[in-house]
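Numbering (my numbering), first residue to last: 2 to 296.
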């Protein structure tokens, strides 16, 4: 006899993916804006539906069971497929809609304003994205275009370079290097740099310059969860950080930036889904190239 079909609740799958990504019920609950006991109950419901334990709790958080490792990529694909089905259906019903994402320090306003001027009938929305969200937000159809910085995996995406930004060093104002006209990698050879959980290898290599040109690994600094945590740790003297030049403005008063010599700049890009037929996406790309490239 074949097994009866399982009616998977997409909400439960989304909860599971969040816990799997954070490896911690508390952090996942905070990201989902729900209570931890409720999240634990939802995961148990999912495990009952599937007839398998997906997660084991540990002293540091939790880890995937063998069944959880098998289910995770399918859950991600299921959520992405559902988002794509909804987005394509909405696009067919209402082709005059676009959501444009942007990451910290990048300004899309001139291009958005012009798109709205050219298409007053269209619904043009903007949304801020965390530094590590653009690719996922595009593939999950949460945004249709994203202004962000390389490097990240561009598979399945159409990427246009708009302009380059120099990389600079953030240090506390009392740091031994503060006030210098510029610094080199040799000047920060022993300075610890913040780390993030499960980093993209290309991202880590670029923003930590890891390994260094001589093959040595970049010194490890504290683990950080978000940008504000990073700035607090730098101000406290626990680390320095390499960032895009646009961060030189608007910093908290106890921090300063120094130009970093001898490293290539970062590329600011507009990313969209490869093959997207939304006419507003193509129009916005052309406008962005014209209005945002002369930086």
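C-beta atoms are modelled at their ideal positions from N, C-alpha and C, and glycine is treated no differently.
Judged by beta-carbon spacing, residue 112 lies beyond the 7 Å limit of residue 65, meaning their Cβ atoms are not closer than that value. For residue 146, the uninterrupted beta strand (DSSP E) run begins and ends at 146-150, by DSSP. DSSP lists 194 as the bridge partner or partners of residue 221. Looking at the backbone, the Cα of residue 168 and that of residue 140 are separated by about 28 Å. Nearest in C-alpha terms to residue 242, of all of 77, 195 and 254, is 195.
Taking every protein chain shown into account, the CB of residue 222 has 16 or more other CB atoms within 10 angstroms, so this residue is buried. Straight across, the Cα-Cα distance linking residue 289 with residue 19 is about 33 Å. In the three-state reduction of the DSSP assignment, residue 109 falls in the coil class, being assigned neither a helical nor a strand state.
Between residue 11 and residue 29 the beta-carbon gap is near 16 Å, outside 8 Å, which marks them as no contact. Non-local C-beta neighbours of residue 53 in its own chain, meaning closer than 7 Å and more than five positions away in sequence, comprise 68, ordered along the chain. One thing to note: residue 145 has its Cβ within 7 Å of the Cβ of residue 282. Beta-carbon to beta-carbon, residue 253 and residue 232 are separated by about 6 Å, close enough to satisfy the 8 Å threshold. Distance from the CA atom of residue 73 to the CA atom of residue 51, rounded to whole angstroms, is 13 Å. The beta carbon of residue 138 sits closer than 7 Å to the beta carbons of 102, 130, 144 and 147 from its chain, once the five residues preceding and following it are set aside; these are given in chain order. Note on geometry: alpha-carbon atoms of residue 56 and residue 34 lie some 20 Å from one another. Taking a C-beta distance under 7 Å as the contact criterion, residue 236 and residue 255 qualify as a contact pair. Under DSSP, residue 165 takes part in a beta bridge, and its partners are 268.
Beta-carbon to beta-carbon, residue 186 and residue 263 are separated by about 6 Å, close enough to satisfy the 8 Å threshold. Residue pairing for residue 64: DSSP places it in a beta bridge opposite 57. The alpha-carbon separation between residue 23 and residue 155 amounts to approximately 23 Å. Going by C-alpha positions, residue 184 is about 6 Å away from residue 260. Setting aside the 5 residues that flank it on each side, residue 152 is surrounded in the same chain by 203, 204 and 207, each with a C-beta closer than 7 Å to its C-beta; the list follows chain order. In terms of Cα proximity to residue 275, the closest of 190, 78 and 160 is 160. Per DSSP, residue 51 is one residue of the alpha helix (DSSP H) stretching across 37-51.
Here residue 192 is buried: its Cβ has 16 or more other Cβ atoms, across all protein chains shown, within 10 Å.
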